Every structure is written in C-alpha cells, then in structure tokens.
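Counting along the sequence shown from 1, when you hit position 56 you're at 56 in full-length UniProt numbering, and nothing is skipped either side. Reviewing the structure listed below.
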Amino acid sequence: MAGSVGVGRAAPRSSPKRYAGTDPPLSLAGLTMADLQRTAELEKFLVEAGLYEGKEESAKREEVLSEIGQT
C-alpha cells in the first residue's frame, strides 16, 4: 500500500488563534492610567459599601466548600 499515504486526509493547517470567548478580543492593548484609576475607585466603593467578603466570611466559605468536596 505504498500509494495510500495521505489519501483522504486533509492537508495540515495551522491552528487558528484561540480565545477565551467565542469572538476575538476587541483590543489587545494594555491597561491605561485611566483604567487603573477607575479600578481603584471601584474597589474603594465596594469596600466602603461592605460588598467585599471579610476574612471570617472567606474562611467559612472555604470550610463549607471543602466539606462539600469531601462528600
């Protein structure tokens, strides 16, 4: 069967770029100073509003998740 090598097989193609979502990113540019400032302001607001989990809450959540994982 010397002549059957490659018969019925598609030529190898380079694999397309993979993205986390279904579409490519809108931009590959890094963060700007404005982005960093807005992030800091948002985090400050979330802390002041009590929307971040505290250390005790975090420990309890991890404990519960660990127990669930053992069942």
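For glycine and all other residues, C-beta sits at the position ideal for the given N, C-alpha and C. Given the structure is predicted, the values throughout are model-derived calculations rather than measurements.
Practice item. Please work out which residues of its chain come closer than 6 Å, Cβ to Cβ, to Leu46, disregarding the five sequence neighbours upstream and downstream, and give them in chain order. Key: The residue labelled residue 46 in the question sits at position 46 within the sequence shown. Only Tyr52 meet the Cβ criterion.
**Study point:** Helix, strand or coil at Leu65 according to DSSP, with G and I counted as helix
**Key:** If you number the sequence shown from 1, residue 65 lands on position 65. Note: Leu65 maps to helix in three-state DSSP.
Check your understanding: Where Leu26 and Tyr19 are concerned, what is the direct C-alpha to C-alpha distance, given to the nearest angstrom?
Key -> The sequence position of residue 26 within the sequence shown is 26, counting from 1. The sequence position of residue 19 within the sequence shown is 19, counting from 1. Taking the straight line from one Cα to the other gives about 11 Å.
Point to revise | Coil, strand or helix - Lys17 by DSSP | key: For this step, residue 17 is matched to residue 17 along the sequence shown. Residue state, collapsed to three classes: coil.
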